[in-house]
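For the sequence shown, my numbering begins at 27 and goes up steadily by one.
Ideal Cβ positions, reconstructed from N, Cα and C, are used throughout, including at glycine.
Only one structure is covered here, and it is reproduced in the block below.
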Amino acid sequence: MRKFAVALCALVCLESAAKAELATYYGQEFAGRRTASGEKFNPSAMTAAHRTLPFGTRVRVTNSRTGRSIIVRINDRGPFVKGRAVDLSSGAARAIRHGSTGNVRNDCIGQPRFVAHYKAGQANI
């Protein structure tokens with residue numbers, strides 16, 4: 027089962043790797059609220075939301091316009107707007123000089139060290 031989960035992680039990473047995709051960011055209005063992973067949202071942290079990548083996955087995000095890149099950790103779900111691939115924290119967006127929306131390239135560079143097993147809405151790690 028664990029091998030299957032790791033293989034699934036790798037496939038999801040490969041699926042989103044090296045494509046120019048639309049990104050947005052979210053910030054102060056969500057500060058202190060819980061993310062989908064359960065941690066408190068910190069707008070200054072180098073984090074992002076993705077629909078399918080496992081929590082804890084590290085992704086290199088490169089601004090297609092400026093060439094600047096950073097490594098973010100997936101800790102939330104989203105974006106829930108059609109056509110958008112990732113929501114960056116405002117700190118991460120600032121670090122790559124990202125406007126309100128823009129094209130970025132996402133490269134999955136690391137998988138989480140654990141796989142969460144969900145049962146009746148609760149994470150058992």
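- Boundaries for A121: no beta strand (DSSP E) harbours it, while the alpha helix (DSSP H) harbouring it runs 116 to 121, taken from the DSSP string.
- Non-local C-beta neighbours of R86 in its own chain, meaning closer than 6 Å and more than five positions away in sequence, comprise S95, I97, D133, I135, ordered along the chain.
- If you look at V107, you'll find it isn't in any beta strand (DSSP E); DSSP assigns it neither H nor E.
- V107 sits exposed, since fewer than 16 C-beta atoms from the chains shown fall within 10 Å of its C-beta.
- Per the coordinates, the alpha-carbon of P69 lies some 5 Å from the alpha-carbon of G53.
- In the DSSP assignment, S95 falls within the beta strand (DSSP E) that extends over 95 to 102.
- In this structure, the alpha-carbon of R103 lies about 8 Å from that of A74.
- Closest in C-alpha terms to E65, from the list A111, L79, I100, S90, comes I100.
- In this chain, the beta strand (DSSP E) harbouring N89 covers 84 to 89.
- Following the DSSP letters along the chain, one finds T61 in no beta strand (DSSP E), marked with neither H nor E.
- Counted as a single uninterrupted DSSP element, the beta strand (DSSP E) harbouring T73 occupies residues 73 to 75.
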